[in-house]
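Asker:
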Amino acid sequence: MVAKAGTRREVKAKQVSQSYLSLVWWKFKKNRVAVFGGIILILMYFCMCIIPEFIAPYDLEHSTNFPEARPQTIRFIDAQGKFSIQPFVYGLDKKIDEKLRKRVFVENTSVKYPISLFVKGDKYKLLGFIPGDIHLFGIRNAQKDQYVFIMGTDSLGRDFFSRIIFGGRLSLLIGLIGQVLTLLFGSVLGAVSGYYGGAVDMFVQRFTEFLSAFPDIPLFMALAAAIPKYWSPIAVYFMLTIILAFVRWGGLARQVRGLILSLREREYVLAAKSAGASDARLMFQHLLPGTVSHIIVIATLSIPGMILAETSLSWLGLGLRAPLTSWGVLLQEAGTVYAIRFTPWQLWTVIFILIAIMAYNMLGDGLRDAMDPYGGR
Amino acid sequence: MTEAVAVQRNDTSPKRSDIILDVKGLKKFFPIQKGLLRRVVGYVKAVDDVSFFVREGETLGLVGESGCGKTTAGRTIIRLYEPTGGDVYFSSRVLGENGKPKMVNLAQMDKSQMKLIRQEISMVFQDPVNSLNPRMTVGDIVAEPMRIHGKYGVDSERVIISLLERVGLRPDHLRRYPHEFSGGQRQRIGIARALSLNPRLVICDEPVSALDVSIQAQTLNLLEDLQNDFNLAYIFVAHDLSVVQHISDRVAVMYVGKVAEMADSDELYNHPLHPYTEALMSAVPKPDPKYKSERIIMQGDVADPSNPPSGCYFHPRCRYAEAICKEKVPEFRELRPDHFVACHRAEELTLKGV
Amino acid sequence: MVNYLLRRLGYAIIMVVLVSFVSFVIIKLPPGDFLTQKLAQLQARGDRSAENQIAEYRAKYGLDRPFMVQYTTWAVNFLKGDFGESFEYERPVKDLLGQRLGMTVILALATLIITWVIAIPLGVYSAIKQYSLGDQVITTISFIGLGMPGFLLALLILYVAIIILNQDVLGLFSKEYVDAPWSFGRVIDLLKHLWIPALISAVTGTGGLIRIMRGNLLETLGQPFVEAARARGLKNSQVIWKHAVRIAINPLIVILGSEALPGIIGGGALVSIVLNLPTIGPLFVDSLRKLDMYMAGTCIVFFTILLLVGNLLSDLLLAWADPRIRLD
Amino acid sequence: MNDVLIDVKDLHVEFDVRAGIVKAVDGLDLTIRRGQTVGVIGESGCGKSVTARAILRMVPKPGKVTSGQVMYYRKAKKGKKHLKDEVLDITQLPPDGEIIRQIRGGEIGMIFQEPMSSLTPVYTAGTHINEALSLHRLIPLQKVGDQMAEAITTYRTVTKDEAREIAIDMLRKVGIPKPTERVDSYPHQLSGGQRQRVMIAIALSCEPEMLIADEPTTALDVSIEAQILDVMRDLQRTANMAIMFITHNLGVVAEMAEEMVVMYMGKQVERAKTVDLFYDPKHPYTQALLKSIPKVGKRSNERLATIEGMVPDPFHLPTGCVFHPRCPMFMPGKCDKITPTYKQIGENHWASCLLYEDV
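Protein chains in written order, with my numbering: chain A, 26 to 402; chain B, 19 to 372; chain C, 1085 to 1412; chain D, 39 to 397.
See below:
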């Protein structure tokens, strides 16, 4: 009457075993919005931080005779209604606008500049050491005064698209580097303070309280205002990064501390402790792996804040300044009423900033959901 | 091992020499802190002068209602919490010479000595979800104590596999992660981990209370089998009186940080000497619809361990309480052979068992 | 309770002193001060008496004295209600701030009301209709709002207003009403200008609140007492508003306290700069840029005071709203 | 059969979650008579709590009653003039409608497992009771309808003081010490046992026909559990109401219930008088369950009988009888192929097992 129990109970046996990371990855992949945000970010960082010289059609300081030119429309059909598979732009003619009392540039429909991929142009060194002169797009064999400005030019006639690409390098990097510094300060101090308690804990807690008593933005501004005006641009850049990290680490430390405190009471930590695990083992085998996912999420979600802090400080004139080019510096030029009225295309910067921020938020949000793969499977 | 003290015999010490653990006057107070400056304004007396002992290969049940300090007592013994006072004598083989056990005081040990002892005492936890690190494989979890003590070698994987099989898991479970298992299976993993260093004493902290009835029985049987196989001693902490009675050779009943009564399991259940034990027994619902008993309903709630009543902590709920119970803390004494009780009126009262 | 208040107050005072001192140090940190900058300017213009003039100023403002003396003098005067003089405007800081206080408060209140009136119902709706189309729309919008910094949105709106609508939307009043006395027309004019900062706060300020409200309420709706209330026979709306929302909204009180009050000065400073609004924010940013010491210091101290008072108020409010919380 | 109060017929409740559909309740029949205590017993996830919620038409999302009926035999009652003799199918009522809300709390009360979190933390014990009172005991004029205008004269709104008196009285009835003080206590100021008493007071304040108790003592200590069970028994005797007592504790159900239902994976496996079920269980699951619990007072060195294997994955239920993979009486070729029916096998004794069917 009693059957062979073994075989019946094997039904569910063959299952692929999944580690925490593979579960996270599996769940993350299913979230299309987050993956999309991630891809956007990878593209942005690759194009703007690694190969901006190649992506930008012109050198950062390449001034032309077309100041404040509006963006040229990229066309496939010309004035005569003729279609060409290769896109082109019309040449620009100088004109005086009587009503605005201002020099403007208008399209000259008789001159067509076809746009090609991988054209020779300004020389550059990728990452500072790989020489090259090929750009992603441009006008092949361009003569003098033949340009393509897909996002117009600034008051010195510099291609605005190129400036945005180069500006992105500083702005995107400052967010990333600043966050890495914050992570170093914040998570180490937070973890130590949560695990050991005592004097370190006291100090970290009091200090974070003090930092939080300072209003956030004013603190940024006050510290940024304290950067000497005569410092070299690079020094200012690093100083600003450090300030960003300094202001933010307190919050992170507090969160990590809380996480460690709650994990420390988990039974698996007690189990390891009761088996005689060393502090280092508890920390690196049990506590930190449990917090890393949270830290990554927190970090991802706070990078946009860093980027924004840079842009707004630079925009206020308290952060980066020309000759450095960052999105904030570009905004400073774009944000005046004059600029909005006469060169509104400079607001393209805003669009780029928003894309970066949204992408980070999408990624971070997806990561947050994915990092908890055991719930709601 | 100079400070390791030989056992002194007194009232609560066993008369035989096969004891493996002898807890004497153990105290664990948690400070209550308040305000910005974290001033200590009082103490939660979670474990307050607790004494009991465990013999080689036997199970001591530690039973009581929530907040009675049974879990804290278990954790303080193994120094997960630093004891506030008292002594914990343990008969250690590791520290003994020529394979002969030696009585050492765990409460006085430094960290490195304690680490050696941890090979001989291990723990099984309550929560099958929280007691296994979700980021480690079953193999790594079970091997962890070996790794900690540098005993993980070439053939350790084989040992772990046989251990897994012994607790009813399969060798291919080795590379799986805890979330792929049910509660009962996880508890088996936890048990395998506790056994990986061949301990002699296992502290089981409510090991079955989170499990369903049918799984609970499987786990209890497994624990009993393992005890027979490896000659383990258990301290079995639980709030379920019937489970405790089933598995324990001797039982200690705790109430608000103190041991009220300790005796052989049958003796305790059939001839309780403490009114709390009697009331607790009668309160347990019996799975027998024909069983009709005069139930003793204890009035009020369990006392607050941060602000316990005077005298005998049980007196406000005790139906036999007299003036003395309010004033004097009763002494924990051996009234009959191997039957200890802390009640002023234990001698005169005739209490009903189950 | 009294003990608690006293302790919090004492703590706040220590905090204010610390913050004011540190901000003084920070402002003093860069070599050169407002007057050195001014001196350079005057000299550039070829003003020969510049040196003397500056030295006069220096003595007048006490800048030639040691740092500690400067700080204590200012701090003591601060307690007396004298916040020092702005170098930039050469007028008492008190007057400058007072001039803009009214509009600042109006704007902050308007922002506050708009944000909360929009965010709370949307958050509640989003939670009780989880995963519905409406929830997804609200969620998407609130994500955009979360990611969208106010001053960038202000720039975009400015673009729309100037280029597409061809409207002058800067400031809070049209030219003819700026210095006019209050009248019906002036109020209408104010409202005409107020919509932009209002819209900006509606988009950027509500996103976070909606998310928090939604999250809190979802968590609360899963609590047994909500089911228990339903099992008592309450209407769905009563269950949600009287039991779930009542609990879920408590944590928002903390946000109200810690953001609303300091928001009076700091909130939307950047937006105000873009839109050229006559509030304290732009004044403060400008003082930092120009190292206008007493002005900047006063603003920071007021920020801190408002923040601390806000935190205290929200704690008291929370204790009043939630009997589980005891202050001691 | 006119003393039937609740008659659940072939109830199916499904939860449509991302990983698939869980049949939380799968063809349940259950009859509860007036004044009777029915115990529903089963391990976690067997569908006992979902059944209770289906009776009150409050199955949580994403659960849905997919078929079956919950017939409620309403009866006219002195003091509650809106009631008349009628039969309602609760599953067909609008989930937030007038009628079901009169039933919830008014005619069927419910208490929950978590006394710690079943009371809204910002309202006092008195407020909770008064809320229930205002909903059910005193029906506002406009809601009753014209045809009863005559009867309405017996109703009046109570003053605040009166409401408070009733609340205090209720607290006294459930045995809360110092009820005049406790009526103003917030939930966090009460102990777990006291909170559960308040829950009972709330449920009883409207004089319901039935009380659904969903694991009411699981989270409580033994001594407190005894107190609560005592209170419930006392009150049932005086109020003559039915109790549906959901628990996983065989001891509790043995003490409380006259009749009991055993559930496993959403199905009822056996139903009988409690005494019969304990002394003559028919279904192998019930038998195994009874054998697997250690009994206090009867220590033996015998091993506990166990139910082998694990509770099956709700997304991949076994074919045939859901219990067959763990069943010691497994009949190959039958149990894994044929789904047993719920069959009467004795006086007041039903079981759902192929051992009692001719197949």
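Here a beta-carbon is modelled for each residue, glycine too, at the ideal position from N, C-alpha and C.
Please report the distance separating the alpha-carbon of serine 237/A from that of glycine 275/A.
Answerer: For serine 237/A and glycine 275/A, the distance between alpha carbons rounds to 8 Å.
Asker: DSSP three-state call for tyrosine 287/B: helix, strand or coil?
Answerer: In this structure, tyrosine 287/B counts as helix in the three-state DSSP scheme.
Asker: Which residues of chain A have a Cβ atom closer than 8 Å to the Cβ of proline 1418/C, listed in chain order?
Answerer: A query on residue 1418/C cannot be resolved here, the shown segment of chain C reaching from 1085 to 1412 and no further.
Asker: Please work out which residues of its chain come closer than 8 Å, Cβ to Cβ, to leucine 1345/C, disregarding the five sequence neighbours upstream and downstream, and give them in chain order.
Answerer: Result list for leucine 1345/C: Leu1390, Leu1391, Val1393, Gly1394, Leu1397, in chain order.
Asker: How would you list, in chain order, the residues of chain C whose beta-carbon sits under 9 Å from the beta-carbon of valine 375/A?
Answerer: Those are Leu1236, Leu1237, Leu1239, Leu1240, Tyr1243, listed as they occur along chain C.
Asker: Since isoleucine 321/A and alanine 216/A should fall inside the 8 Å C-beta cutoff, what is the C-beta to C-beta distance between them, to a whole number of angstroms?
Answerer: Rounded, the Cβ-Cβ distance is 14 Å, inconsistent with contact.
Asker: Name, please, each residue of chain A whose Cβ falls closer than 7 Å to the Cβ of valine 1369/C.
Answerer: Simply Met246, Leu341.
Asker: So is glutamate 86/A buried or exposed if we call it buried at 16+ other beta carbons inside 10 Å?
Answerer: Exposed.
Asker: Ends of the beta strand (DSSP E) at alanine 277/D?
Answerer: Not the beta strand (DSSP E): alanine 277/D falls in the alpha helix (DSSP H), residues 260-277.
Asker: Counting only runs of 4+ residues fully inside the segment 340-388 of chain A, write out the alpha helix (DSSP H) ranges in chain order.
Answerer: With a minimum length of 4 residues, the continuous alpha helix (DSSP H) runs that stay inside the segment 340-388 of chain A are 352-359, 362-367.
Asker: When you compare the segment 336-355 of chain D with the segment 51-62 of chain D, are there three or more beta-carbon pairs, one atom per stretch, that lie closer than 8 Å?
Answerer: Flag = yes, the segment 336-355 of chain D and the segment 51-62 of chain D touch.
Asker: Tell me which residues share the same chain as valine 294/A and place their Cβ nearer than 8 Å to its Cβ, disregarding the 5 neighbours each side in the sequence.
Answerer: Hits under 8 Å: Leu288, Leu307, His311, Leu312.
Asker: Hey, quick one: how far does the beta strand (DSSP E) through leucine 44/B stretch, first residue to last?
Answerer: Start and end: 37-52.
Asker: Measuring CB to CB, does glycine 371/B end up less than 7 Å from histidine 264/B?
Answerer: Not in contact: glycine 371/B and histidine 264/B (Cβ atoms no closer than 7 Å).
Asker: Spatial neighbours of leucine 1293/C within its chain, please: CB distance less than 8 Å, with the 5 preceding and 5 following residues excluded, ordered by chain position.
Answerer: Thr1199, Trp1200, Ala1203, Ile1204, Gly1207, Leu1336, Ile1339, listed in sequence order.
Asker: Name the residues in the segment 289-318 of chain A whose C-beta lies less than 7 Å from a C-beta of chain B; which are they?
Answerer: Cβ contacts with chain B come from Arg291, Glu292, Tyr293, Leu295, Ala296, Ala297, Lys298, Ser299, Ala300, Gly301, Ala302, Arg306, His311, Pro314.
Asker: Measuring only the C-alpha atoms, how far is asparagine 1320/C from glutamate 1311/C?
Answerer: Taking the straight line from one Cα to the other gives about 10 Å.
Asker: By the 10 Å Cβ neighbour count, where 16 or more other Cβ atoms means buried, how is alanine 189/D classified, buried or exposed?
Answerer: Confidence at alanine 189/D is low in this model, with a pLDDT of 37, below 50, so the placement of that residue should be treated as unreliable; the coordinate-derived value is given next. Result: exposed.
Asker: Locate the alpha helix (DSSP H) running through leucine 1275/C, then write down its first and last residues.
Answerer: 1268-1305 is the extent of the alpha helix (DSSP H) around leucine 1275/C.
Asker: Nearest-angstrom Cα distance between glycine 1299/C and serine 1210/C?
Answerer: Looking at the two C-alpha atoms, the distance is approximately 9 Å.
Asker: May I ask you to list, following chain order, the residues of the segment 1325-1349 of chain C that have a beta carbon less than 8 Å from some beta carbon of chain A?
Answerer: Per Cβ criterion, the list reads Pro1346.
Asker: Could you tell me the boundaries of the alpha helix (DSSP H) in which leucine 1185/C lies?
Answerer: 1177-1212 is the extent of the alpha helix (DSSP H) around leucine 1185/C.
Asker: Going along the chain, which residues of the segment 1384-1412 of chain C sit with their C-beta nearer than 9 Å to a C-beta in chain D?
Answerer: Here the close residues are Ala1405, Asp1406, Pro1407, Arg1408.
Asker: If we define contact as Cβ-Cβ less than 7 Å, is histidine 226/D a contact residue for chain C?
Answerer: So, interface residue.
Asker: Would alanine 1312/C count as contacting chain D if we go by Cβ distances under 7 Å?
Answerer: Output row for alanine 1312/C: interface = yes.
Asker: Between which two residues does the beta strand (DSSP E) holding proline 196/B run?
Answerer: It is not in any beta strand (DSSP E) - proline 196/B carries neither H nor E in the DSSP assignment.
Asker: Tell me, to the nearest whole angstrom, how far the beta carbon of alanine 297/B is from that of methionine 316/B; I am working on the premise that it is less than 8 Å.
Answerer: Yes, they are in contact, since the Cβ atoms of alanine 297/B and methionine 316/B sit about 5 Å apart, within 8 Å.
Asker: Just checking: is the beta-carbon of proline 100/D within a distance shorter than 7 Å of some beta-carbon in chain C?
Answerer: Output row for proline 100/D: interface = no.
Asker: Quick one: give me the first and last residue of the alpha helix (DSSP H) that lysine 55/A is part of.
Answerer: 45-55 is the span of the alpha helix (DSSP H), which, as asked, contains lysine 55/A.
Asker: Whose Cβ in chain A lies nearer than 8 Å to the Cβ of asparagine 148/B?
Answerer: Those within 8 Å of asparagine 148/B in chain A are Arg291, Glu292, Tyr293.
Asker: Which residue marks the beginning of the beta strand (DSSP E) containing glycine 146/A, and which one marks its end?
Answerer: Looking at the DSSP string, the run of the beta strand (DSSP E) that includes glycine 146/A is 141-151.
Asker: Tell me which same chain residues have a C-beta within less than 6 Å of the C-beta of glycine 1289/C, skipping the five on either side of it?
Answerer: Hits under 6 Å: Thr1199.
Asker: Whole angstroms are fine: how far does the CA of leucine 142/A sit from the CA of aspartate 158/A?
Answerer: For aspartate 158/A and leucine 142/A, the distance between alpha carbons rounds to 13 Å.
Asker: Tell me which same chain residues have a C-beta within less than 7 Å of the C-beta of cysteine 373/D, skipping the five on either side of it?
Answerer: Only Gly358, Cys359, His362, Cys365, Leu392 meet the Cβ criterion.
Asker: When every heavy atom of the ligand SAM is checked, does at least one fall within less than 6 Å of the C-beta of aspartate 223/B?
Answerer: Within the structure as shown, the ligand SAM is missing, as the structure has no ligands at all.
Asker: Quick test of your reading: threonine 256/D and glycine 77/D, contact by CB under 8 Å. State the CB separation rounded to the nearest angstrom.
Answerer: Going by Cβ atoms, the distance from threonine 256/D to glycine 77/D rounds to 14 Å, so no, they are not a contact pair.
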